[in-house]
Ligand code: HMG
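Numbering (the working numbering), first residue to last: -12 to 380.
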């Protein structure tokens, strides 16, 4: 509890992804790599690939539209847009979404960035606003497109997805508990200079950095009175690729001296990996895609279950925190719509994927119109006089 008896947390959570998909079997064949390396070694089977008229705004708007359709936008006075795939150095991507969704003008709209961590910063800032005034409802959108250079080692870990969640008092989905553990370290494991559209990464170092940061955040979480490992029912990690979450959970269990075997550890984690395995990395959205996956795919009734979260963003900042699933959570899920969002993506081949990848760089700095491709509800129409144009599809 936050000093008073006020309960704060996530009231509703919605998902969207890009409308095209590349099976990693095709990428493996293209590179002459055994598909087992992608399917099993890194734990990814597909990646979402945005069409030419999709980006973080269209995905973010699609996810947030589910929230607005159910709860309305009245009283939402803050919209936080977390991303590291920003479309403008000055204007928040959230302002485009605010407009596309017809939200009221009495609203503060801000973009946040710290690699894959920023959605968790947005969650914590939102909780602070609600704790100060329980009437506040804060809309958080996390939307990202993971892009590495063609033919680089990071290529099979690309992907795209968005989540939107509403942060309120007396949340219906997940109460967030107050104790957190933090860790910041100035390192160059993964970054994207302003002049590049693809990220640079020191792959093996980034894995070690992620695990070191987990140790640091977990240590502070414990020192600040956090729950012991055996008080958690499930875990949810940032998922650059799903095998990373498995490695992280093994490390945490070892740190905590847990005697759970591999199968028992897997049961605490597996359901959180189902959706990410098919979208690919969605950077800052990925841990909350993991939460949605857990709630939708775990066969057990998770009412009252405590989930441990580890949110990591390269560079690096991380946080360990916890939440308790609320009774009745299943009634809030959009299982069928989320399944359709994955199953109805248009399959593309490697040739088209590579052309789309190269086109992003080709059009930088020029005015252009995009072809109408996306079957989604919002589209990026192009750039006029350096101004981005969005429309309802
Ligand atoms: P790599 O060097 O090409 O792959 O790139 P590898 O040789 O390490 O193989 C990967 C795994 O596949 C290994 O398993 C192999 O044994 C296995 P492991 O030993 O790690 O358990 N393998 C096979 N398994 C089954 N059948 C086979 C087979 N062959 C091999 N036939 C790497 C891997 C992850 C480094 C690369 O994809 C990369 O650079 N990815 C991008 C960086 C990344 O995702 N880092 C994660 C930590 S940093 C982070 O999470 C932040 C981030 O999301 C960004 C942000 O914060 O904004 C990235």
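In this text, a Cβ means the ideal position worked out from N, Cα and C, and glycines have one as well.
Residue closest to residue i, alpha-carbon to alpha-carbon, out of the options
{"i": "residue 174", "options": "380, 305 and 346", "result": "305"}
{"i": "residue -4", "options": "161, 257 and 301", "result": "161"}
{"i": "residue 344", "options": "315, 166, 274 and 133", "result": "133"}
{"i": "residue 222", "options": "207, 83 and 275", "result": "275"}
{"i": "residue 266", "options": "-7, -2, 168 and 4", "result": "4"}
{"i": "residue 280", "options": "324, 135 and 180", "result": "324"}
{"i": "residue 231", "options": "212, 264, 203 and 218", "result": "264"}
{"i": "residue 121", "options": "98, 158 and 203", "result": "158"}
{"i": "residue 17", "options": "336, 377 and 364", "result": "336"}
{"i": "residue 69", "options": "254, 244 and 100", "result": "100"}
{"i": "residue 289", "options": "219, 246 and 250", "result": "219"}
{"i": "residue 257", "options": "284, 115, 214 and 315", "result": "284"}
{"i": "residue 95", "options": "102, 72 and 63", "result": "63"}
{"i": "residue 141", "options": "90, 31 and 307", "result": "31"}
{"i": "residue 151", "options": "309, 185, 273 and -7", "result": "273"}
{"i": "residue 2", "options": "239, 171, 245 and 329", "result": "329"}
{"i": "residue 210", "options": "-2, 307, 332 and 339", "result": "307"}
{"i": "residue 319", "options": "37, 54 and 21", "result": "54"}
{"i": "residue 338", "options": "84, 9, 189 and -2", "result": "9"}
Exposure label - residue i; buried when at least 16 CB within 10 Å
{"i": "residue 93", "result": "exposed"}
{"i": "residue 282", "result": "buried"}
{"i": "residue 352", "result": "exposed"}
{"i": "residue 268", "result": "buried"}
{"i": "residue 145", "result": "buried"}
{"i": "residue 39", "result": "buried"}
{"i": "residue 196", "result": "buried"}
{"i": "residue 86", "result": "exposed"}
{"i": "residue 366", "result": "buried"}
{"i": "residue -12", "result": "The predicted model places residue -12 with a pLDDT of 41, which falls under 50 and marks its position as unreliable, so this point remains unresolved."}
{"i": "residue 49", "result": "buried"}
{"i": "residue 201", "result": "buried"}
{"i": "residue 42", "result": "buried"}
{"i": "residue 0", "result": "buried"}
{"i": "residue 56", "result": "exposed"}
{"i": "residue 373", "result": "exposed"}
{"i": "residue 27", "result": "exposed"}
{"i": "residue 71", "result": "buried"}
{"i": "residue 143", "result": "buried"}
Simplified DSSP state of residue i, which is helix, strand or coil
{"i": "residue 115", "result": "helix"}
{"i": "residue 219", "result": "coil"}
{"i": "residue 4", "result": "strand"}
{"i": "residue 57", "result": "helix"}
{"i": "residue 297", "result": "strand"}
{"i": "residue 379", "result": "strand"}
{"i": "residue 101", "result": "strand"}
{"i": "residue 246", "result": "coil"}
{"i": "residue 182", "result": "coil"}
{"i": "residue 233", "result": "helix"}
{"i": "residue -8", "result": "coil"}
{"i": "residue 334", "result": "strand"}
{"i": "residue 76", "result": "coil"}
{"i": "residue 373", "result": "coil"}
{"i": "residue 137", "result": "coil"}
{"i": "residue 131", "result": "strand"}
{"i": "residue 64", "result": "strand"}
{"i": "residue 43", "result": "helix"}
{"i": "residue 85", "result": "helix"}
heavy atom of ligand 1 below 8 Å from residue i C-beta
{"i": "residue 267", "result": "no"}
{"i": "residue 187", "result": "no"}
{"i": "residue 29", "result": "yes"}
{"i": "residue 34", "result": "no"}
{"i": "residue 184", "result": "no"}
{"i": "residue 277", "result": "no"}
{"i": "residue 175", "result": "no"}
{"i": "residue 297", "result": "no"}
{"i": "residue 306", "result": "no"}
{"i": "residue 143", "result": "yes"}
{"i": "residue 140", "result": "yes"}
{"i": "residue 103", "result": "yes"}
{"i": "residue 180", "result": "no"}
{"i": "residue 194", "result": "yes"}
{"i": "residue 172", "result": "no"}
{"i": "residue 133", "result": "yes"}
{"i": "residue 373", "result": "no"}
{"i": "residue 21", "result": "yes"}
{"i": "residue 45", "result": "no"}
{"i": "residue 225", "result": "yes"}
{"i": "residue 302", "result": "yes"}
{"i": "residue 259", "result": "no"}
Any C-beta of chain B under 9 Å from that of residue i
{"i": "residue 51", "result": "Although the question refers to chain B, the structure presented lacks it and comprises just one protein chain."}
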